[in-house]
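K.L.:
Take this structure, written in structure tokens, and hold onto it; I'll ask about it next.
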Amino acid sequence: MYLYNSASRKKELFVPNHPDLVKMYTCGPTVYHYAHIGNLRSYIMEDVLEKYLRYVGYPVKRVMNITDVGHLTSDADEGEDKMLKGAKREHKSVMEIAKFYTDAFFSDCAKLNIKTPDVVEPATNCIDEYIRIISKLMDTGYAYFAGGNVYFDTSKLDRYYIFNDFNAEDLDVGVREGVEEDTNKRNRNDFVLWFTKSKFEDQALKWDSPWGVGYPGWHIECSGISMKHLGEDLDIHCGGIDNAFPHHTNEIAQSESYLGHKWCNWWMHVLHLNTTSGKMSKSSGEFLTVSLLEEKGYDPLSYRFFCLQSHYRKALVFSWENLDNAQLSYRKLIARIAALKPADDPIDESVFAELTGKFKSAMDNDLNTSLAVTALYDVLKAKANDATKLAVIADLDRVLSLSLMEKAAEKREELSRQNAATAAASAGFSIVSESGEDDPAVTEKIESRRAAKKAKDFALADQIRDELKAGGIELTDVPNGVIWKRI
Ligand code: AMP
Ligand code: ZN
31 MYLYNSASRK KELFVPNHPD LVKMYTCGPT VYHYAHIGNL RSYIMEDVLE
81 KYLRYVGYPV KRVMNITDVG HLTSDADEGE DKMLKGAKRE HKSVMEIAKF
131 YTDAFFSDCA KLNIKTPDVV EPATNCIDEY IRIISKLMDT GYAYFAGGNV
181 YFDTSKLDRY YIFNDFNAED LDVGVREGVE EDTNKRNRND FVLWFTKSKF
231 EDQALKWDSP WGVGYPGWHI ECSGISMKHL GEDLDIHCGG IDNAFPHHTN
281 EIAQSESYLG HKWCNWWMHV LHLNTTSGKM SKSSGEFLTV SLLEEKGYDP
331 LSYRFFCLQS HYRKALVFSW ENLDNAQLSY RKLIARIAAL KPADDPIDES
381 VFAELTGKFK SAMDNDLNTS LAVTALYDVL KAKANDATKL AVIADLDRVL
431 SLSLMEKAAE KREELSRQNA ATAAASAGFS IVSESGEDDP AVTEKIESRR
481 AAKKAKDFAL ADQIRDELKA GGIELTDVPN GVIWKRI
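Counting from 1 along the sequence shown, just add 30 to a position and that's the residue number in the numbering used here.
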């Protein structure tokens, strides 16, 4: 399988360090607000990667942090702690905010069929780990103490910029618009490993350290958590593209200086989800959440389908129209799968291998999920019995995770209920519910409506229909009766 490596800027044949375990690390959410669907695009693609690795037979251990301390409002070590800001906004404690938004994050992930990583570690759990790494960096001259904080000295590295060919000036965090320069830094890109001095003295969470009471910088958490759970080497590190600089660049700087050798082999970055007016961001203005999609009547899995239709290394533009199209295609796909009849017929192994082979060649080419979705449609068109097609679809869905089999089964049941109701109704005038339930009060009202119609009192008949609708009951007139359902 070939995966694009942001560090080498090319697709490379994936070979893990240890064939018996792929070590994967994913930057997790900063839990001061809900995740927006842009963040979730990154997590969906990382979920697909993990599941595909398992699909092709690799055992995987995946670790993810929860940022509950240290991420400031600017990536350049400036501004207020995002967690503190969230706590103030909601008049709650930092820990309450962290718990609430961590739970909200995993509930959103569950709705999108994103598996929870094997290890989920809050940054506040690993303070000793960070202190150990920072102490060694101080001892070996990679870090220095200035103005109350500990900084990493980027001038000690032969190569600091790993991911970009851009002009170094453009990348200097210290000169970004709206960011004040920290005069304690020896070099503009030096970054804080440990804070004891902050402009915001009411920082809620602080710990003792050899450099004074304070709290860790944002970048050190991912190095510390990864090494705690995955040891001194890593196969794949993932995150959204905004994490490449400075976050991942700084993670590499501190981890490799600490270890004295290469740390991570593959860097995978998911391009952003943008709205038609620009990037979707947690810290500025309105953003779209899974709950909002649900409120508007979308199935969260339509959004997963929407993401899978594009390649993760291309920016994706979100619009309601695009999501409508994805939802429509997703529903049609389910309906087509529902039309296949589950049966105990023998599975045609050669067709199975051919169809799953198409899927694999798409995914082996740097996770081309858009072609993988095409491979799914090819299954529907294939010359094979339904049992074989369903077996392939179930197999592909181990990675795509669109709940295809479950949703198709639901659809089949819905159709058979409708058919049974229509058949019962056509046998004579009858009042039946789509779900098979019996409700004498509803039956009575429908009978009165029938009587009103017979008496040509159509106004009363309509009024009864409207009353039922207002009570959540919808009627469908069929030749010999009425089918009702709850809406
Ligand atoms: P955060 O919670 O802000 O630390 O971000 C969580 C993850 O979402 C990180 O991997 C980010 O790189 C990623 N991310 C942030 N904004 C977007 C976006 N608009 N589209 C895709 N991924 C994003
Ligand atoms: Zn990280």
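For every residue, glycine included, the Cβ atom is placed at its ideal position computed from N, Cα and C.
(1) Excluding the 5 residues preceding and the 5 following THR386 in the sequence, name in chain order all residues of the same chain whose CB lies nearer than 8 angstroms to its CB.
(2) Report buried or exposed for ALA500, applying the criterion of at least 16 other Cβ atoms within 10 angstroms of its Cβ.
(3) Tell me, please, which residues DSSP counts as bridged to ALA176.
(4) Hey, could you find the ends of the alpha helix (DSSP H) SER400 is sitting in?
(5) Which whole-angstrom value describes the C-beta separation of VAL403 and LEU338, a residue pair presumed to lie in contact below a C-beta threshold of 8 angstroms?
(6) What separation, rounded to the nearest whole angstrom, lies between the Cα atoms of THR473 and ILE461?
(7) Sorted by chain position, which residues of the same chain lie with C-beta nearer than 8 angstroms to LYS91's C-beta, five sequence neighbours on each side aside?
(8) Just to check, is the beta-carbon of ASN273 closer than 6 angstroms to a non-hydrogen atom of ligand 1?
(9) For the putative contact between ILE513 and ALA455, defined by C-beta atoms under 8 angstroms, what is the C-beta separation to the nearest angstrom?
(10) Alpha carbon to alpha carbon, what distance is there between LEU318 and ALA365?
(11) Kindly examine ligand 2 and report whether one of its heavy atoms sits closer than 6 angstroms to the Cβ of CYS252.
(12) For the beta strand (DSSP E) that PHE221 lies in, which residues bound it at each end?
(13) For the beta strand (DSSP E) that contains LEU51, what are its first and last residues?
(14) Among the residues of its own chain, which have a CB less than 7 angstroms from the CB of TYR85, if the five just before and after it don't count?
(15) What residue from ASP212, ASP133 and GLY247 has the CA that sits closest to THR226's CA?
(16) With a cut-off of 8 angstroms on the beta carbons, I'd call ALA451 and GLU464 a contact; round off their distance for me.
(17) Between the segment 32-44 and the segment 106-121, can you find at least three pairs of beta-carbon atoms closer than 8 angstroms?
(18) Is the number of C-beta pairs between the segment 119-138 and the segment 91-100 that are closer than 8 angstroms three or more?
(19) Put ARG516 into one of helix, strand or coil per three-state DSSP.
(20) Quick one, which of TRP241, ILE163, LYS484 and THR184 has its alpha-carbon nearest GLY177's?
(21) Tell me the DSSP secondary structure of LYS326 in three-state form.
(22) Could you check whether the Cβ of GLU395 sits closer than 6 angstroms to any heavy atom belonging to ligand 1?
(23) Would TYR245 and ILE163 be called neighbours here (beta carbons separated by less than 7 angstroms)?
(24) To the nearest whole angstrom, what separates the beta carbons of ALA65 and ASP169, a pair I think is in contact under 8 angstroms?
(25) Could you pull out every residue in the same chain whose Cβ sits closer than 6 angstroms to the Cβ of GLY58, ignoring the five residues on either side in sequence?
(26) Spatial neighbours of ASN179 within its chain, please: CB distance less than 7 angstroms, with the 5 preceding and 5 following residues excluded, ordered by chain position.
(27) Distance, Cα to Cα, LYS486 vs LEU498?
(28) According to DSSP, is LYS499 part of a helix, a strand, or is it coil?
(29) Looking at C-alpha atoms only, which residue of LEU301, MET298, VAL300 and ILE282 is the closest neighbour of LYS292?
(30) When you measure from the CB of HIS302 to every non-hydrogen atom of ligand 1, does any distance come out below 6 angstroms?
(31) Return helix, strand or coil for ASN415, following the three-state DSSP convention.
(32) Please return the same chain residues whose Cβ sits closer than 6 angstroms to the Cβ of VAL381, not counting the five positions on each side in sequence.
(33) Does DSSP put MET31 in a helix, a strand or coil?
(34) Tell me which same chain residues have a C-beta within less than 8 angstroms of the C-beta of THR279, skipping the five on either side of it?
(35) Does the segment 396-410 come into contact with the segment 320-332, if we say contact requires no fewer than three beta-carbon pairs (one atom in each stretch) closer than 8 angstroms?
(36) Fully enclosed by the segment 49-111, which alpha helix (DSSP H) runs are 4 residues long or longer?
P.N.:
In short, the structure shows the following:
(1) The answer, listed in chain order, is VAL422, ASP425 and LEU426.
(2) Per the 10 Å Cβ criterion, exposed.
(3) Partner(s): ASN179.
(4) Per DSSP, the continuous alpha helix (DSSP H) segment holding SER400 begins and ends at 399-411.
(5) The Cβ separation is near 6 angstroms, so the contact holds.
(6) Using only the alpha carbons, I get a separation of about 7 angstroms.
(7) Within the same chain, LYS91 has close Cβ partners LEU51, VAL52, LYS53, MET54, ASP148, VAL149, HIS259 and LEU260.
(8) It does: the Cβ of ASN273 is within 6 angstroms (strictly closer) of some heavy atom of ligand 1.
(9) Taking the Cβ atoms as the reference, ILE513 lies roughly 6 angstroms from ALA455, within the contact range of under 8 angstroms.
(10) Between ALA365 and LEU318, the C-alpha separation is close to 28 angstroms.
(11) A distance criterion of 6 angstroms places the beta-carbon of CYS252 in contact range of ligand 2, judged by its closest non-hydrogen atom.
(12) Looking at the DSSP string, the run of the beta strand (DSSP E) that includes PHE221 is 221-225.
(13) Element bounds for LEU51: n/a, residue is neither H nor E.
(14) Beyond the five residues adjoining it in sequence on each side, TYR85 comes within less than 7 angstroms, by CB distance, of ARG428 and VAL429 in the same chain, given in chain order.
(15) Minimum Cα distance to THR226 is reached at GLY247.
(16) In this structure, ALA451 and GLU464 form a Cβ contact; the two beta carbons are roughly 5 angstroms apart against a cut-off of 8 angstroms.
(17) The segment 106-121 vs the segment 32-44: no contact.
(18) For the pair of segments examined, the segment 119-138 was found to touch the segment 91-100: the number of CB pairs separated by less than 8 angstroms reaches three.
(19) DSSP places ARG516 in strand when its eight states are reduced to three.
(20) The candidate whose alpha carbon is nearest that of GLY177 is TRP241.
(21) Coil, per DSSP.
(22) With the sequence shown as reference, residue 395 is identified as Asn, and Glu is not the correct amino acid for it. Distances from the CB of ASN395 to the heavy atoms of ligand 1 are all 6 angstroms or more.
(23) No.
(24) In fact, because the Cβ distance is near 38 angstroms, the residues do not count as touching under 8 angstroms.
(25) Same-chain partners within the cutoff: MET94, ASN95 and ILE96.
(26) Only ASN214, VAL222, TRP224, PHE225, THR226 and LYS227 meet the Cβ criterion.
(27) Approximately 19 angstroms, taken between the alpha carbons.
(28) In this structure, LYS499 counts as helix in the three-state DSSP scheme.
(29) When the alpha-carbon of LYS292 is set against those of LEU301, MET298, VAL300 and ILE282, the nearest one is in ILE282.
(30) The closest heavy atom of ligand 1 lies less than 6 angstroms from the beta carbon of HIS302.
(31) The answer is coil: DSSP assigns ASN415 none of H, G, I, E or B.
(32) The residues are ALA414 and THR418.
(33) Looking at MET31 - three-state DSSP - the assignment turns out to be coil, as it is neither helix nor strand.
(34) Hits under 8 angstroms: TYR190, TYR191, ILE192 and PHE193.
(35) The segment 396-410 vs the segment 320-332: no contact.
(36) Counting only runs of 4 or more, we get 67-85.
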